[in-house]
Ligand SMILES: O=P(O)(O)O[C@H]1O[C@H](CO)[C@@H](O)[C@H]1O
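In the UniProt record's numbering, the protein residues as written are 1 to 291.
As structure tokens, then:
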């Protein structure tokens, strides 16, 4: 490792090599569980799991609802790795640390990244418990210059100026909608734009109104950095937001969001999300290699 915040290619490689020496699984798909969505990992068969604290170079989870375990296993015969707990900028991690696992996954041979998150809705037609397939994002920290790709570009991963148009894979989005239709989920599945804010505070009413005016459908404090880094190194990206609350946009509204209620909605929808992700992985077009 160079300086505290600078991570070099060899650091990612060391962590990947350690994981490859500890498990026979050779994942093609990585799944990142959002707040309260860690139960997604329970669907994996033949599990090998590692506490983040035991993985060389891995950051630690500090947020309630993020267990801090990396789980390898199979979904419908396809080998996956699942992060039960992600890292957020507001925890004090640099964005290189937040996205450290993504580059490690690339070196493990992962080709597709599925990101999930808990998010508040700005779209008046959405309800708590809705699942939003992410069509695109607005990355506020990124627009302000806080970007995990800042610093010397690591050409072994990708180009200096990666395009982000079409970053959320169209084919996988369509597949997700087909699955939702056939499972009877269509009435609570949406497609929309996710916006990342820095957090850890929830939005003020004026901020919520601004996001609403910008056309944001759902807001959260994660996801965009992971997606940028996955896209930069050529991985296919699919994203789901679970709508855990409506963002307060009215000065007369006395309700206030809290993290506990966010986790509660996560629990309520965990089985549905598990089914959706399992079916999606099952129907994905990937070559499954084993060690
Ligand atoms: O984005 P995930 O990790 O799902 O978590 C969301 O839930 C937390 C707030 O309750 C924030 O961390 C927000 O980003």
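C-beta: ideal position from N, C-alpha, C; glycine also.
In the same chain as residue 148, and ignoring 5 residues on each side of it, the C-beta atoms closer than 7 Å to its own belong to 95, 96, 98, 99, 225, 228, 229, in chain order.
DSSP, reduced to helix, strand and coil, places residue 63 outside both helices and strands of the structure shown, so it counts as coil. Taking C-beta atoms as the reference points, residue 33 and residue 125 fail to come closer than 8 Å. Sequence-distant partners of residue 158 (beyond 5 residues in either direction) whose C-beta falls short of 7 Å from its own C-beta, in its chain, are 232, 233, 234. In the structure shown, residue 105 adopts helical secondary structure according to DSSP, grouped into three states.
Proximity of the beta carbon of residue 86 to ligand 1 is indicated: a heavy atom of the ligand is located closer than 7 Å. Residue 26 has its alpha-carbon roughly 26 Å from the corresponding atom of residue 179.
Look at the region 200 to 225 and you find these whole runs of beta strand (DSSP E), each 3 residues long or longer: 218 to 220.
Residue state for residue 227 is assigned as helix, using DSSP reduced to three classes.
Taken from the Cβ of residue 259, at least one heavy atom of ligand 1 lies inside 7 Å. Leaving aside the five residues that flank residue 142 on each side, the residues in its chain whose CB is nearer than 8 Å to its CB run, in chain order, 196, 224, 225, 228. Taking the Cα of residue 108 as reference, the smallest distance to any Cα among 240, 130, 81 is reached at 81.
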